[in-house]
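The structure appears below as structure tokens.
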Amino acid sequence: MNGQDAVAPVPRVAVVVFLLKGRSVLLGLRRSSVGNSTFALPGGHLEFGESFEECAIREVKEETGLEITKTEFIMVTNNVFLDEPKPSHYVTISMRAELADPEEEPKNMEPNKCDGWDWYEWGNLPKPLFGPLDKLVNEGFNPFST
Ligand code: IPR
Ligand code: MG
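Numbering (our numbering), first residue to last: -18 to 127.
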């Protein structure tokens, strides 16, 4: 192994969550070296030994303070970000979930990573959306009907 191999970037696994409330989803404005200033789903890196569901529950709790229920797998996508300040590659697991308590509101638990969370109607999403989410929307994906 040479020095280059030691620092070679590798694909990582991420889990994102379509948290559904009525006809809305929860989005936050990212503060990150990937997708900065774009509206994205809660979620993040899969930790060693975690199930997709465990990761979804943990990430939503860490980022928004919300408890989720009915967490289920939707799909997997391959997301390559070569032109970002920090080039990266994620195999992204999309999950769908609902609020355990429908009255509970999100809190911005990681203000260094997000400007704040809010609910957005699926037919009236904010711009700009995070690239992978924007692609899904343009392809006609609908988290309410999959
Ligand atoms: P963390 O783990 O910091 O929540 O990661 P993230 O929100 O930057 O998500 C990483 C995967 C994205 C870029 C698809
Ligand atoms: Mg995150």
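From the three backbone atoms N, C-alpha and C, an ideal C-beta is built for every residue, glycine too.
Terminal residues of the continuous beta strand (DSSP E) containing residue i?
i	result
Thr50	49 to 62
Within the continuous alpha helix (DSSP H) that includes residue i, where are the two ends?
i	result
Leu117	112 to 119
Provide the residue(s) that pair with residue i in DSSP beta bridges, ordered along the chain.
i	result
Met76	Val(-2), Phe54
Asp99	Leu8
Ala21	Gly9
Ser69	Phe62
Run through DSSP, which three-state label would residue i get?
i	result
Glu34	helix
Arg(-7)	strand
Gly3	coil
Gly16	coil
Ser126	coil
Could you tell me how far apart the beta carbons of residue i and residue j are, in whole angstroms, since I believe they sit closer than 8 angstroms?
i	j	result
Leu1	Glu85	About 14 angstroms; that fails the 8 angstroms criterion.
Ser75	Met56	5 angstroms
Ser14	Glu53	Actually they do not touch by this definition, with Cβ atoms about 30 angstroms apart.
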